[in-house]
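Let me begin by presenting the structure, written as structure tokens, before commenting on it.
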Amino acid sequence: MLNSPATRHPSGFTPLPSPKTSQSTGSRHRSHSPGAPRPPFPDLHRHKAPKKEPPKPSHSPSQGRTPRQSERAPCPAPSPQYCLSGHPTLPCNVLKFKSTTIMLDCGLDMTSTLNFLPLPLVQSPRLSKLPSWVLKDGSTFLDKELKECSGHVFVDSVPEFCLPETELLDLSTVDVILISNYHCMMALPYITEYTGFTGTVYATEPTVQIGRLLMEELVNSIERVPKAQSASMWKNKEVQRLLPAPLKDAVEVSMWRKCYTMPEVNAALSKIQLVGYSQKIELFGAVQVTPLSSGYALGSSNWIIQSHYEKVSYVSGSSLLTTHPQPMDQASLKNSDVLILTGLTQIPTANPDGMVGEFCSNLAMTVRNGGNVLVPCYPSGVIYDLLECLYQYIDSAGLSNVPFYFISPVANSSLEFSQIFAEWLCHNKQTKVYLPEPPFPHAELIQTNKLKHYPSIHGDFSNDFKQPCVVFTGHPSLRFGDVVHFMELWGKSSLNTVIFTEPDFSYLDALAPYQPLAMKCVYCPIDTRLNFIQVSKLLKEVQPLHVVCPEQYTQPPPTQSHRTDLMIDCQPPAMSYRRAEVLTLPYKRRYEKIEIMPDLADSLVPLEIKPGISLATVSAVLHTKDNKHVLQLPPKPPQPPASKKRKRVSDDVPECKSLKPLLSGSIPVDQFVQTLEKHGFSDVKVEDTAKRSGSQPWESIPQPETAQPKTNPAAGPARTASDGFPKITQPPFHGA
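See below:
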């Protein structure tokens, strides 16, 4: 039996303690000190932080010989999931899986910026003359914070972003962060720099490099238009209740924060460890995580999180369409206990191919009529596909002489990165690299001067600017970046058109502070992520036992309540979650893997109790380190020295006592006596021994001189007894 006082399981194996509470001979590479101070968020209203959890086992791998056999032991433990974001396509969840705390993405909800006035690059007389908003009772204490424009009320301050929940659990206890794509890492500096996080972040190289570009553009766009005043009084709950919609209905305004800085971005990115598709990463010996291609963007990933007996799949921002990234890996998602599904298309009724066609036709019509086209966009992603479509379209549409401008602080880097990440592209584009040819046609557009890129509207752009033209620039929210200047410049002419292709923001809300607006507005959202029809097919193919998803995916859209096809339909029904909710995943840890050292395995003597089933007793020491459990032979007592020469005290070796079997539970006395008689012990008496703890009746076995065992050829070698317990030279097997 195992030398442990734990209660034995009916199967014959002793349940292992949870790795969090078991003793470990190794040490963790990093530890969470319960008393360590945590740096606060800037301007963050602090609440009492949750109680921290004890430190977890070590990162370092176990040392020693390679084990040969493995066993399983029941080890139930719930697996909670903490939902920190209310935006289904910008998720942030924390999963406690075995002894590891894993954050799945850290998306930043930027829709909060729609409540703020735009940041113009040059002084805007129109915006500066907007009237202040006054309460119904005539109070004017908010006149410096709130402005009114065409019936809408906006905050006159630097735009702020809605952070993930930081007080649902202690984020300093998070061990690792898994990033699925560059859109889902925009809140990373807030997490790594203000919560005491000391773990590791895992992401692919394109995700990190393009994510850096998005953060750099965001910081640059906001910092180059500083605002002296900062609005905060409107956030008071009593005051917010008096404001008009949508400010009145804004949630978690206390969690809204100003943008981070570039030093914070660099510090956050320094914590990232690069990974490749299908690369297996061990976490503390307890969990293995693997990134898979999701088919959505350059380097975008789904993640497999598994132990020896449980498997969780995290699907976020995936696509089955044939675009520039590698195709989605679906086969590896099979046989999952739980599949966490996030990042589906935000426009389920829009066909991406149809939207691209409308984009091209509206662009051509505007330019032919002498107007300009403004395309608010991110510096990476859909813009690559749009430029490729325009490359094939401009000659046939007679647009060869129309200049295309790409304006962003990171425009040059973005276009270059798209050409050098060849191994992350689809097969067709990879083959072009080996010809060699540029995988994207925008390289040829740049060489022929049809596409020009600039860091801003100042400098060279002012000299090269010609109209009519097409301008790609950010930010899609129309609240900051060079796009604000073009909205003010072109908004008064009906010849011009603004075409919205990014689905992250409501185009009507984005246009609200520019009203009244004369320029035409076209909404062509292009979202290549999975729609509900594709999700249904995917779930039928991979067949997870349980599906977990945001609440928005389990019911039809509010504006189309009759469309039951625009929701996830699976059996059993999907489990849903919402922001600031803790969900217990529908499975429990049932087994733990125990490995047996070869020398211990060689010493076992199985006894067949029925055809195909053999048992043997195991006397061993359970060694736990780095969440790896190994059964080893008990240490042998030291041999007495051969020489009788007296040793000095300093030469004495500490005595190593031999381990005695530990018994637990109640013994079936009658069955035990019968078994002893079968093995030759005929004179067995049963008596109560009061001095034994618990007054448990034990069998008293006479010494060999008073009771001679009968001869039994099937019994094997003769047995003797001492100390009240039988000694068996070749013990029958007790564990599987």
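If you count by full-length UniProt numbering, then the sequence shown holds residues 1 to 736, one letter each, in order.
Idealized CB from N, CA, C, for every residue including glycine.
Report yes if the CB atom of residue i is closer than 8 Å to the CB atom of residue j, and no otherwise.
i: V498; j: N362; result: no
i: L121; j: H485; result: yes
i: G107; j: S128; result: no
i: D175; j: G199; result: yes
i: L604; j: V618; result: yes
i: S316; j: G276; result: no
i: G146; j: D156; result: Before going on, a small fix: residue 146 reads as Leu here, not Gly. In contact: L146 and D156 (Cβ atoms closer than 8 Å).
i: N181; j: S332; result: no
i: F307; j: L292; result: Per the sequence presented here, residue 307 reads as Ser, with Phe not at that position. It is not a contact, given that the beta carbons lie outside the stated cut-off.
i: L489; j: P376; result: no
i: L142; j: P206; result: no
i: A397; j: A364; result: yes
i: S380; j: S414; result: yes
i: N372; j: Q467; result: yes
i: S400; j: V542; result: no
By the DSSP assignment, the alpha helix (DSSP H) with residue i in it spans what residues?
i: residue 745; result: Since the displayed the chain opens at 1 and closes at 736, residue 745 lies outside it and no answer follows.
i: I457; result: That residue, I457, is in no alpha helix (DSSP H); it is neither H nor E in DSSP.
i: L387; result: 382-393
i: K237; result: 237-240
i: Y190; result: 188-194
i: M355; result: 352-368
i: Q430; result: 427-433
i: L269; result: 262-269
Could you pull out every residue in the same chain whose Cβ sits closer than 6 Å to the Cβ of residue i, ignoring the five residues on either side in sequence?
i: K432; result: P439
i: W256; result: S112, E160, C162
i: M575; result: V548
i: L387; result: H442
i: V312; result: I305, V338
i: M103; result: V94, V174, I177
Could you name the residues that DSSP lists as bridge partners for residue i?
i: residue 786; result: Only positions 1 to 736 of the chain appear in this structure, which leaves residue 786 out of reach.
i: H152; result: C149
i: L95; result: Q81, I102
i: E608; result: S614
i: H453; result: F406
i: E581; result: C83
i: R176; result: It is worth fixing the name first, because residue 176 is Val in this sequence and not Arg. DSSP, once it has assigned bridges, lists I102, T200 as partnering V176.
On the three-state DSSP scale, how would you describe residue i?
i: A422; result: helix
i: S313; result: strand
i: W490; result: helix
i: S413; result: helix
i: W133; result: coil
i: C521; result: strand
i: T448; result: coil
i: P34; result: Residue confidence is low: P34 scores 37 on pLDDT, short of 50, so the model does not pin down where it sits. Its coordinate-derived value is still stated next. Residue state, collapsed to three classes: coil.
i: Y507; result: helix
i: E205; result: helix
i: Q229; result: coil
i: R257; result: strand
i: L119; result: coil
i: F472; result: strand
In its own chain, which residues sit with a C-beta less than 7 Å from the C-beta of residue i, not counting the 5 before and 5 after it?
i: M355; result: C524, P525, I526
i: A268; result: L188, P189, T192, E193
i: K492; result: A518
i: T554; result: M567, I568, A574, S576
i: V208; result: L269, I272, L274
i: P125; result: none
i: A510; result: L114, S477, L478
i: L242; result: L135
Using a Cβ-Cβ cutoff of less than 8 Å, which residues in the same chain neighbour residue i once the five nearest sequence positions on both sides are dropped?
i: S536; result: I568, D569, C570
i: G370; result: P468, L495
i: D460; result: Y454
Between which two residues does the beta strand (DSSP E) containing residue i stretch?
i: M110; result: Segment: none, M110 is in no beta strand (DSSP E) and carries neither H nor E.
i: K537; result: Run containing K537: none in the beta strand (DSSP E); it sits in the alpha helix (DSSP H), 532-542.
i: T497; result: 497-500
i: T198; result: Note, T198: premise wrong, no beta strand (DSSP E); not H, not E.
i: residue 755; result: The chain is shown only over 1 to 736; residue 755 falls outside these bounds and no answer can be derived.
i: C549; result: 546-550
i: L171; result: That residue, L171, is in no beta strand (DSSP E); it is neither H nor E in DSSP.
i: P376; result: 373-376
i: N302; result: 301-306
i: T290; result: 287-293
i: V686; result: 685-687
Within 8 Å of any Cβ in chain D, is that where the Cβ of residue i sits?
i: Y507; result: No chain D is part of this structure, which consists of one protein chain only.
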